[in-house]
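Chains as they are written, first to last, in the working numbering: chain A, 1 to 317; chain B, 318 to 620; chain C, 621 to 1187; chain D, 1188 to 1518.
Note sheet for the following structure.
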Amino acid sequence: MTLRVNDLKVYYQTLRGDVHALDGVSFDLADGEIMGLAGESGCGKSTLGKSLIRLDGRMRHVDGTIELDGKDVPIADDRAMTPFRFHEISLIPQYAMSALNPTRKIGRMINELLRSRGVRPNTIAEELNRRLELVGLDPDVLNRFPIELSGGMKQRVVMVMATLLNPSLLIADEATSALDVSTQRSVVESMVEFRDRGYVKSMIFVTHDISLVYQMADTVMVMYAGRIAEKAPASTIINDPQHPYTKMLIGALPEVGTTTEDTRLEGIPGTPPGLLKPPTGCRFKDRCPIASEECSETPPLVEIDPGHWAACWKTGR
Amino acid sequence: MSNIPGAPGAADGASAPEAVGERKVSETLHFARRNPKLLIGSSIVLILLLTGLIGPLFVDHGPNEYVGPQSQPPSSEYWFGTTTFGQDIWAQFVHGLRSTFFTGALGGGIAFVVGTTIGFVAGYKGGIVDEILNMLTNVVLVLPGMVVLIVAVAYLDVRGLLVQALFIGLTSWPWAARAVRSQALSLATRDYVDLARLSGRRTWRIITSEVAPNMSSYLVMSFILLFGGAILIAAGLDFIGLGPAGGVSLGLMLENAVGWSALQLGMWWWFIPPGTGITVLVGSMYILNVGLDEVFNPKLREL
Amino acid sequence: MKSLRLPAALAALVMVASACSGEGGEGGGSEGYPRNETLYTTGTAWGPPTNWNPIMEGNYAVGTVGLVYEPLFLFDPNENEYTPWLAESDEWPDENTHVITLREGVEWTDGEPLVAEDVVTTLELGHFDIHYSNVWDYLESAEATGEREVTLTFSEPRPQEWMNWVSARAIVPDHIWADKDESKVTDDPNQDPVGTGAYVYENHADDRMVWKRNDDWWGTEALGLEMKPTYIVDIVNASNDVTMNMLNNHEIDLSNNFLPGIDQVINDDNNITSYYAGAPYMQSANTAWLIPNHEHPALGDPVFRSALAHAIDLEQIVTGPYTNLVEPADPSGLLPQWDDYIDHELVSEEGFSFDASEAVAILEEAGYLDEDGDGFVETPDGEEITLTLEVPSGWTDWMESANVIAGNAQEVGINVEPAFPEHDLLIENFRKAEFDLMINNDRGLSNTPWTYYDFIFQLPINEQQTTANYARYENEEAWDLTQQLAAVPADDVEGAAEITSDLQEIFLEDLPIIPLWYNGMWSQASNNVWTNWPSEASDTPDNFATMWNNMYQMGAIYTLAEIELAE
Amino acid sequence: MWRYMGRKIGIYGITFVVAVTINWMIPRFMPGDPVSSMLSRASISDPEALERMTAYYNDVFGLDTPLHQQYFSFWAGLFRGDLGISVWLYPEPVTDIILRAVPFTVGLLLPAIILSWIIGNRFGAFAARSKILDNTLLPIGYILTATPYMWIALLLAWALAVNGGFFPTAGGYSFALTPSFSWVFISNLLSHWFLPFLSMFVVALGGWAIGMRNMIIYELEADYSNYLQALGAPRRLIRRYAFRNAMLPQITGLAVQLGTLIAGALLTEIVFNYPGLGTLMLNSLNNRDFFLLQGIFLFVVIGVLIANFIIDIIYVLVDPRTRVQMTGGSS
């Protein structure tokens, strides 16, 4: 078991009170597992991605634990988290295009980063070149400035850089959304390859593009309003979703390539509840076509089939 | 001044504009009320403005009249003391504040109008118009404004506040134009502007109704900076004797104090108030501006 | 900490610099002029010294005439006497002939002796267009009638005017100047001046002129005058406050500027003195006049001018901007040094004084009434009167005075607004009669009140009035009298006074221009290094301690010999 | 590469032509006449002589030729380095007068700009470190940059020279000295230089510190900073990057602020009667010396253009982004 998240609660502090962005999230991630994390914007999927590596200034860890390879991950303590970062947990950010210091040559920046994390760059230089070649980049990019690279090249550089220390967990946060379809494909393929070669043990792939998830992910987790709605192997989610929300989500997809964000799920009437004062019970009940009285109780996340978890009173019986 | 990023949150305009707008306003207000920089800055500016507006009404003699004993230090009768000739320095100060505000507002205002107009048009229109306006901006930007002002103002026969403000306005707009241009440039490519363009609305309407509101905070801050800048330039001109003839301003007070050897005669009450007035006024404007920046710009709120 | 390295370096720099300033403050060091051999003056030069050509009046470094080049006579305004200087003696065989004998043993600094030809050549230069070309209007010939004897023959005797030339103009050496063409004479900066005087050129920079004593000067032997300072460093005028500061620190020995507030300094610091120990502290140097443009319908009317004159509260100006550093002028406008020429009886009868109600009465009587109720009078024809009083921008004391005068005038219903154009613009405007009112003091103390009356009454009126009668006042009788005054022998004070009395009658009747106050012979001295400055006290010298242009020729040169090193 | 530089040079060229034209135009189309001002000094009473001399000076100053010819001869003179003859300091050539003043102004400006820039940037970066520092240092910076140059000069003069007596109040060097390469002279020069320098330095310092503080805060919020934080890079490394990147807009700021700084130098010189271009400009103004005023204006403009050009080159050298674009790197 690589990662075990237990009842994680992370709130955003705002003027009007706490936004319950993650409100009791529990799941496991197995060695070698690539998990797609999907849901509408604002459902907490990015918050989950961030929480696992670094809470930003307004995020507050309220409750819950995280365990990585049996070790406790102290996400509330920024300083204690430092040893985990990069070495154990790494990130390909949403903004990979601008994640590199624009005024440093890429090689130099990587070296400086490595050195600051206690790694002698020359012990790893060869590996770096090999991995660059693996993703189809000339090692000469190290002598270039970020501005000289195309978006896809930068993306791949970030990918190589993020996984250079063979982390246990890689979080890819909307890592491909800024790329065109063919580049997306090759980046996704590289990621799978990295997992296969053991450069990363497991991966959480945050995206709104379910079709992309389907191509690469072993499992898919769907979140709704700060909670997990359903988690299951990718094919199950696509072909046999159980949670009404997942069903509507999949059903609302007009075709491959269109993103959930663009369509705004017009197929599902209503809007997600505000997370400032989340409603009691099932958070989907107001939009749910099959909601009934019992939905005013919070449904637990239960394993309805092996590896298939859902949080709905109507499933799993 | 290129450090103020584009209007945030412009992307989600369509979903629920009113609700979002309202929330944004109330949020801004909330932060505004809690920002010490904004509060301190604006209250000082306000106090000085009120002093300039109301103060003269409570002084029953003209600022240049010989009313009291000569060279008196501050006293209960003459709060800021008197000049070598027995003029009431408090009277000069309040009148001076008034004209300083006037020059600043007018000079800054003219620069603002010219700068933003050129910036908007250049950024929005693009192409050859942009090319020409940008060239113009760069030329005026490179020319040392104060020196041009000195040369030009020196040759004027009649010097008044109005003319001074006009000249200041006409030379200090370039950076505003440059900054507004780059902002407008990024806004002009946004969807809703495209939509407006497609629907055949006139450039001017699009700029005023679509582009400008989205950078209103930015514009407010530009105006304040131009305001403060104009005050400083005017003070400089006044100081070298190119101020309005027969008028009163804080810069002229400084000039007079120096000209009549207030430093050597130990009459600190003559040159401290006008200099402090200018410094505190402009400084408060700058601090107010940082406050505004923090209020408008969520990224800065956390610091 | 890297970020602290630069501030530290800066702090070190501060310490070094302030250490240096201690050294610099003493004003000496091995390369400097020794403090106790150097006289620091200021208040004479308004710009960097650029030439030493005594013919380029108004352009040469002050001191070029007086210290380097010398005149034939000095004039002593206190005693009203001419003292032979380069001349040894003179006589007037008849009213059209003046014979001047030069002093023996005077040498130019290049070793050549002073000869009669030098005087002739100097006069001959007047055939070029230079400032004294007009001597040839009344001079017929100048001849060297001996090695050291010059005979001047006049076509028209104007002794007052001629003696002005003799006592003000410098003689240049024939052996250098005879061969110069016109452009050389009028444009050459004359970098290496060869004179006869007590000082020679030493050095100059944009902000200073340095003269060095001529130890072979003839005057030491002939007159027993020993110039005390080895060096004179004449500092180009800075602003009032800078000068005041240097004086306070005794960095300068003599300031010939108007320094506002100097009365406080004189009272506080025993080592800074002026001619009088109390107000007005200074002697008078010239009269500041309010000059109306007679082409203006109201200002052309003597009655209106009289009303204006009565409206001005001179006391307010004297005590306000000037803090009693000047005195109100006599209604005749003549300087106190010309007391003999003032007809006091006439003046006390006909003279004006400040009386606002009188001014209002005069206006009313003459029909200047405020019919339209705007608070200001109109002409009897009902024309609005709006007058601008112009003084040069930056002349702070005058600007302030103009404000006072405008206020005074407004109080009696005459609409006067002050304006401060650039000096040269003002000059250009008043020359062309494009002004209403202005303050002017172009003429100063001289050997004869003729210079004043020439200034007031000169005719004819030209398209441009460049040196006199800016008011454009036309009175043939007055001009005739002025010309008669020019012809009175220089030593005939009584004869002159008779004519000036007639002139004063016309003047007070018509008030072509209005005398305001006497500008001071600004002079404040530090006694730290040099003492025995002229003052009203009986045990000190009485010459001027003012080194302005033309003042050396009026006795200021003696002051350099009379001052003494402080103990 | 050359496109970028060519463009810049093009703009500077146009600016220069505009400046020269403005410069040539202003005096000629404003009221006032240099020749009559010249003659007023010479006190000529004879009207005929006056006329002859007017013609003479008109000839010297070239004012009696048609306007377009004046314009071209103005340019021609410019290329010969001949800016005319001063009216005020007749008959000295304007160029000579200005060249005497330039070292003083440059000696004041250059150290003040460079030192205030370097130290101000460090202070700004330092202030951005924590909220407490930010809230204490920042208002000081704003007050400094809001201080009129002449006022800080006055305060310093009052405190350190008039009252304290630590420094001289006026002039470029002691009146007792003649320029030489001696310790006495140089130390004296420095003590006269210090206060004007200090007042310029202090005001400029505030501006740079604030600029840097604002820049660095935006840099610290930039994506690459966030990413480095997520990868556990130490604060120090991130600050170093942010500082370096914030420096780049500050270099451009140097060019933008140049005009203000020069204006500040002029005012400061006037307060201290420092024998540089500012004092000279005031004198030429008060004496309506067109040629001198024009000359000073041109010198200042040329100085600004050269400085801008140098700043451009420096910018290209230190900012890889422009450098890469200039060498034609991809996209």
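Note that CB positions come from ideal geometry on N, CA and C, so glycine has one too.
Report, in whole angstroms, the separation of the C-beta atoms of residue i and residue j, which I expect to be a contact under 8 Å.
i: Thr771/C; j: Thr765/C; result: 4 Å
i: Pro121/A; j: Arg130/A; result: About 15 Å separates the two Cβ atoms, so there is no contact after all.
i: Leu966/C; j: Gln1124/C; result: 6 Å
i: Thr313/A; j: Leu301/A; result: The sequence shown places Trp at residue 313/A, not Thr. Not confirmed; about 12 Å, so no contact.
i: Gly1033/C; j: Val997/C; result: 5 Å
Work out the CA separation of residue j and residue i for me, nearest whole Å.
i: Asp78/A; j: Phe27/A; result: 23 Å
i: Pro244/A; j: Phe284/A; result: 9 Å
i: Gly993/C; j: Glu984/C; result: 14 Å
i: Gly652/C; j: Asn857/C; result: 21 Å
i: Leu367/A; j: Gly24/A; result: Outside the displayed span of chain A (1 to 317) sits residue 367/A, for which this structure offers no information.
i: Leu1392/D; j: Arg1309/D; result: 10 Å
i: His753/C; j: Trp1380/D; result: In the sequence on display, residue 753/C carries Ser and not His. Rounded to the nearest angstrom, the two C-alpha atoms are 47 Å apart.
i: Thr375/A; j: Glu189/A; result: Only positions 1 to 317 of chain A appear in the structure, and residue 375/A is not among them; the question remains open.
i: Gln1084/C; j: Leu1057/C; result: 17 Å
i: Asn1473/D; j: Thr1208/D; result: 22 Å
i: Ile1425/D; j: Thr271/A; result: 40 Å
i: Thr658/C; j: Val1149/C; result: 9 Å
i: Gly385/B; j: Val376/B; result: 13 Å
i: Ile34/A; j: Leu543/B; result: 55 Å
i: Asn606/B; j: Thr1008/C; result: 44 Å
i: Trp577/B; j: Ile882/C; result: 10 Å
i: Ala976/C; j: Ala931/C; result: 5 Å
Considering only residues of the same chain and omitting the five flanking positions on each side of residue i, which have a CB-CB separation below 7 Å?
i: Ser416/B; result: Leu478, Gly564, Val565 and Ser566
i: Leu275/A; result: Val19, His20, Ala21, Ala225 and Gly226
Near residue i, what residues of its chain come up, given a Cβ to Cβ distance below 8 Å and the 5 sequence neighbours on each side ignored?
i: Lys105/A; result: Leu142, Asn143, Arg144 and Phe145
i: Ala552/B; result: Thr417, Ser566, Leu567, Gly568, Leu571 and Ile595
Suppose the cutoff is 6 Å on Cβ atoms and the five residues either side in sequence are ignored; what does the same chain contact list for residue i look like?
i: Phe1486/D; result: Ile1285
i: Glu1020/C; result: Pro941
i: Arg4/A; result: Asp28 and Glu67
i: Glu677/C; result: His751
i: Lys848/C; result: Ile1183
i: Asp963/C; result: Ser1121 and Gln1124
Assess contact between the stretch 217 to 234 of chain A and the stretch 8 to 28 of chain A, defined as three or more Cβ pairs (one per stretch) separated by less than 8 Å. Is contact present?
Touching, per the Cβ criterion.
Runs of 4 residues minimum, wholly inside the stretch 347 to 420 of chain B: which ones carry the alpha helix (DSSP H) assignment?
Whole alpha helix (DSSP H) segments, 4+ residues: 353 to 375.
Under 8 Å, with one C-beta from each stretch per pair, do the stretch 1028 to 1044 of chain C and the stretch 1067 to 1079 of chain C reach the 3-pair mark?
By the Cβ test, the stretch 1028 to 1044 of chain C is not in contact with the stretch 1067 to 1079 of chain C, since fewer than three Cβ pairs between them sit closer than 8 Å.
Three or more C-beta pairs under 8 Å: does that hold for the stretch 962 to 978 of chain C against the stretch 871 to 880 of chain C?
Taking 8 Å as the limit for Cβ pairs, the verdict is that the stretch 871 to 880 of chain C does not touch the stretch 962 to 978 of chain C.
Specify whether the stretch 1315 to 1327 of chain D and the stretch 1494 to 1509 of chain D touch according to this definition: at least 3 beta carbon pairs, one from each stretch, less than 8 Å apart.
Short answer: they don't touch.
Do the stretch 1290 to 1298 of chain D and the stretch 1384 to 1392 of chain D make contact, defined as three or more Cβ pairs closer than 8 Å?
The stretch 1290 to 1298 of chain D is in contact with the stretch 1384 to 1392 of chain D.
The stretch 893 to 912 of chain C in contact with the stretch 1148 to 1158 of chain C per 3-pair CB rule at 8 Å:
Enough Cβ pairs lie closer than 8 Å, so yes.
Could you say if the stretch 189 to 199 of chain A and the stretch 4 to 16 of chain A meet the contact criterion of at least three C-beta pairs nearer than 8 Å?
The stretch 189 to 199 of chain A vs the stretch 4 to 16 of chain A: no contact.
Beta strand (DSSP E) runs wholly inside the stretch 183 to 209 of chain A, at least 3 long, in chain order:
Complete beta strand (DSSP E) runs here, min 3: 202 to 206.
Runs of alpha helix (DSSP H) wholly within the stretch 831 to 901 of chain C (minimum 4 residues, chain order)
Look at the stretch 831 to 901 of chain C and you find these whole runs of alpha helix (DSSP H), each 4 residues long or longer: 838 to 842, 860 to 868 and 882 to 888.
Count the CB pairs spanning the stretch 1339 to 1355 of chain D and the stretch 1433 to 1445 of chain D that are closer than 8 Å, and state whether there are at least three.
Too few Cβ pairs lie closer than 8 Å, so no.
Below 8 Å, how does it come out for the stretch 74 to 92 of chain A and the stretch 44 to 57 of chain A: are there three or more Cβ pairs, yes or no?
Contact between the stretch 74 to 92 of chain A and the stretch 44 to 57 of chain A is present, with at least three C-beta pairs closer than 8 Å.
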